[in-house]
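Q: Following this note's numbering from start to finish, the sequence shown increments by one per residue and tops out at 197.
The structure follows.
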Amino acid sequence: MPPPNGTFSERLRTETASLHLRVDTAFSAFDLSTRSGYGGFLRAHARALPAVEAIVAAGISVAATRSRTDLAVADLQELGIDIPPSAPFDGPASPVAARGIHYVLEGSRLGGAVLQRRVPVAYPRRLLSARHERGGWRSVLADLDGWGDGQDESTIASAIAAAAACFALFERSALAEAG
19 MPPPNGTFSE RLRTETASLH LRVDTAFSAF DLSTRSGYGG FLRAHARALP
69 AVEAIVAAGI SVAATRSRTD LAVADLQELG IDIPPSAPFD GPASPVAARG
119 IHYVLEGSRL GGAVLQRRVP VAYPRRLLSA RHERGGWRSV LADLDGWGDG
169 QDESTIASAI AAAAACFALF ERSALAEAG
C-alpha cells in the first residue's frame, strides 16, 4: 500500500509539476528545426548536465553509465557550435539529493522521441536518442519508490528540494541560451 502522501515518485511529480512546466516553457523557445535553435537547445543541456550528472553518479552507482553530457557535447561539436561553460548547481549535493536529481534527468529522456522528430535528419541526435529501453522508466520509478519507502519525511523533502533545484538549473540554462 502506498504511503498516505503518495509514493516518492508521485510526490516528486506533483510537488515539482509547476517547475517542470516552467522548464518545458523555457525549452519551447528553441526552434529545433534550425541549426541555431537546435544548437541553443543542446548548449542549454551541455550547461546543465555536468554538475547534476556528477551528483547522481556519486550517489547512485548505476547512474554513472547513463550520462548524457558527452552526447550533448558530441552533437554540438558535429554542428560546429561552441561548448558552453558548465553551470553551477545551486542545490544540495548528496546521495539523498541524487535521488531527486535522478528523477529529473531520467524523466527528461521521455521527451526525446517526440523532440527528435522536430530535428532535421541531417543534424546529429545523440542526446535525443538516449532514451529508455522498454520498461526503463517504470524501472526507474520502481527503484525510486523502493528507496523512498524506507525514508523519513525530512529525507524525502530533501530529495524533492534537490529535484526542484535541478529543474531550476535547466530553466536557467535554457533562458541563458534563448536570451
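Every residue gets a Cβ at the ideal spot worked out from N, C-alpha and C, and that includes glycine.
Just so we're clear, the structure is a prediction, and the values are computed from it rather than from any experiment.
1) Is it the case that the Cβ atoms of Ala92 and Ala177 are separated by a distance below 8 Å?
2) Within 10 Å of its beta-carbon, does Glu151 have 16 or more other beta-carbons around it, so buried, or fewer, so exposed?
3) Note the first and the last residue of the continuous alpha helix (DSSP H) segment covering Ile15.
4) DSSP state of Ile174, grouped into three classes?
5) Smallest Cα separation from Leu193: which of Ala35, Leu159, His63 and Ser51?
6) Where does Ser46 fall in DSSP's three states?
7) Looking at the structure shown, is Arg61 part of a helix, part of a strand, or coil, going by DSSP?
8) By the 10 Å Cβ neighbour count, where 16 or more other Cβ atoms means buried, how is Val132 classified, buried or exposed?
9) Can you tell me whether DSSP reads Met19 as helix, strand or coil?
A: According to the data block:
1) In this structure, Ala177 does not lie closer than 8 Å to Ala92 by Cβ.
2) Flag for Glu151 reads exposed.
3) What the structure shows of the chain is the stretch from 19 to 197, and residue 15 is not part of that stretch, so it cannot be assessed.
4) DSSP places Ile174 in helix when its eight states are reduced to three.
5) Leu193 has its Cα closest to that of His63, out of Ala35, Leu159, His63 and Ser51.
6) Coil.
7) Note: Arg61 maps to helix in three-state DSSP.
8) Under the 10 Å beta carbon count, Val132 is surrounded by fewer than 16 other beta carbons and is classified as exposed.
9) Reliability fails at Met19, whose pLDDT of 45 lies under 50, so the model's placement of it is uncertain and the value that follows must be treated cautiously. The three-state secondary structure of Met19, taken from DSSP, is coil.
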